[in-house]
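Just so we're aligned, residue 18 is where the sequence shown starts under the working numbering, counting upward by one.
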Amino acid sequence: MKSKVILNLLLVIAVTALALFAILRPAEKKDAAARLVDLKRDQVTKIAIERRKGAAMQLEKRGDGWHVTAPFTSRADIGQVDRVLDLTSATAKQKLPREDLARFDLDPPQVKVTLDDRAIAFGRINDITNEQYAASAEAVYLVPPFYGYGIPADAGKLASRKLLADDEVPVAFDFGGYQVKRDDKGHWSTAGAVPGKPATELSQDDFNRWADEWRVTYAVAAEPYKGGAGKQRVTLLFKNGKSVAMQAADADSGFTLLRSDENMLYRFGTQTGRRLMNPNVAAEK
18 MKSKVILNLL LVIAVTALAL FAILRPAEKK DAAARLVDLK RDQVTKIAIE
68 RRKGAAMQLE KRGDGWHVTA PFTSRADIGQ VDRVLDLTSA TAKQKLPRED
118 LARFDLDPPQ VKVTLDDRAI AFGRINDITN EQYAASAEAV YLVPPFYGYG
168 IPADAGKLAS RKLLADDEVP VAFDFGGYQV KRDDKGHWST AGAVPGKPAT
218 ELSQDDFNRW ADEWRVTYAV AAEPYKGGAG KQRVTLLFKN GKSVAMQAAD
268 ADSGFTLLRS DENMLYRFGT QTGRRLMNPN VAAEK
């Protein structure tokens, strides 16, 4: 009986010792992940993208957001910019000497991104790890391929497809033959002959939804203007006092709006364009 008590006591001591060892043993050392650039996302004010072929792309952060500055000028698509800025949080566990760059397809690189004055170059994919070689000024790293693949392939993808900027709130529209405007109390009224049913049949909610559609509508595509004027003119006045003139063209192939201040052409579906140009059409949907 006494031997069983001693055996049980030894088992308790052994289990307790193992538990204490598991709790108190030193943590295994893991290699710290290396950051590709020592920048924070909100510190970056300039971006340059260079590929082996095609024009170099440049972006700049201003007070009202990001803008494409080369090879054309426009507001930038914030989603595309965010993908590039994800490089500020990119890390790698494997770090190689910055030597013999050609074997990594880094001399010249497939694409080079410069965030302010920090450059990151991307090369080939490692066949074994399926990671991409990326070089900074200090070393060559192996990183997940989505960083390199997330960089826009051409400048057209960098342009914002949003017709109006966030601070552009329409309060008046002049279509030439008729005008729609909102007074200081938020009440919409029309002057001239609005095509379709009498504008008096439209509710204030109809007008508000129509004006909001101008603010939230995204084009199918946005591109630098290359010539060919639209037939219809429309001038928008915004709450901030700014105004912008546009040229519209409606065709079977689609509807376009040219912003003269940005020299950018925005392409829409035909029905979307007709709703924008007429509150009566918008109210029918």
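Glycine included, C-beta positions come from ideal geometry on N, C-alpha and C.
{"query": "Under 8 Å between the Cβ atoms of Leu53 and Ala136?", "result": "no"}
{"query": "Please classify Asn257: is it buried, with 16 or more other beta-carbons within 10 angstroms of its beta-carbon, or exposed?", "result": "exposed"}
{"query": "Here's the rule: buried if 16 or more other CB atoms are within 10 angstroms of the residue's CB, otherwise exposed. What is Asp94?", "result": "buried"}
{"query": "Pull up the distance between the alpha-carbon of Gly82 and that of Thr131, whole angstroms please.", "result": "19 Å"}
{"query": "What separation, rounded to the nearest whole angstrom, lies between the Cα atoms of Gly203 and Tyr235?", "result": "25 Å"}
{"query": "Put Pro241 into one of helix, strand or coil per three-state DSSP.", "result": "strand"}
{"query": "Sort Pro241, Ile142 and Leu253 by Cα distance to Gln196 and report the nearest one.", "result": "Leu253"}
{"query": "For a cutoff of 8 Å on Cβ pairs, would you count Ala266 as touching chain C?", "result": "Here chain C cannot be found, since the structure has a single protein chain."}
{"query": "Do you know whose CA, among Thr207, Val186 and Lys179, lies nearest Phe192's CA?", "result": "Thr207"}
{"query": "How big is the Cα-Cα spacing for Thr62 and Lys78?", "result": "5 Å"}
{"query": "Would you decide whether Arg120 is buried or exposed? Buried here means 16 or more other CB atoms lie within 10 Å of its CB.", "result": "exposed"}
{"query": "Taking the straight line between their C-alpha atoms, what separation do you get for Gly244 and Pro88?", "result": "17 Å"}
{"query": "Can you check which of these residues, Asp55, Ile64, Ala210 and Gly209, is closest to Arg100 by C-alpha distance?", "result": "Ile64"}
{"query": "Which residue wins for smallest C-alpha separation from Trp205, given the options Pro296, His84, Lys110 and Arg92?", "result": "Pro296"}
{"query": "Exposed or buried, which one is Pro114 when buried takes at least 16 other CB atoms within 10 Å?", "result": "exposed"}
{"query": "With a threshold of 16 other CB atoms inside 10 Å of the CB of Val211, please say whether the residue is buried or exposed.", "result": "buried"}
{"query": "Alpha carbon to alpha carbon, how far is Val186 from Leu274? Give it in angstroms, no decimals.", "result": "17 Å"}
{"query": "Can you tell me which of Tyr150, Gln127 and Glu230 puts its alpha carbon nearest to the alpha carbon of Glu116?", "result": "Tyr150"}
{"query": "Helix, strand or coil: how does DSSP classify Asp229 here?", "result": "helix"}
{"query": "Within the same chain, show all residues whose beta-carbon is closer than 8 Å to that of Phe224, passing over the 5 residues directly before and after it, in chain order.", "result": "Val197, Arg199, Trp205 and Pro296"}
{"query": "For Pro161, collect the residues of the same chain with a Cβ closer than 7 Å to its Cβ; drop the 5 residues on either side in sequence, then sort them by chain order.", "result": "Glu148"}
{"query": "Where in the segment 95-169 do unbroken runs of the alpha helix (DSSP H), each at least 4 residues long, occur, reported from the N-terminal end onward?", "result": "95-102 and 163-166"}
{"query": "Could you tell me which residues DSSP pairs with Met263 in its beta bridges?", "result": "Val251 and Arg276"}
{"query": "Verify whether the separation of the beta carbon atoms of Met294 and Val251 is less than 8 Å.", "result": "yes"}
{"query": "Relative to the C-alpha of Ile168, which residue among Ser260, Val298, Gln97 and Phe285 is closest?", "result": "Gln97"}
{"query": "Indicate whether Ala50 and Lys110 have their beta-carbon atoms separated by less than 8 Å.", "result": "yes"}
{"query": "Please identify the residue among Leu159, Asp134, Ala152 and Asp133 whose C-alpha is closest to the C-alpha of Asp144.", "result": "Leu159"}
{"query": "Please report how far the alpha carbon of Ala189 lies from the alpha carbon of Ala73, in whole angstroms.", "result": "39 Å"}
{"query": "Per DSSP, what kind of secondary structure is Thr86 in: helix, strand or coil?", "result": "strand"}
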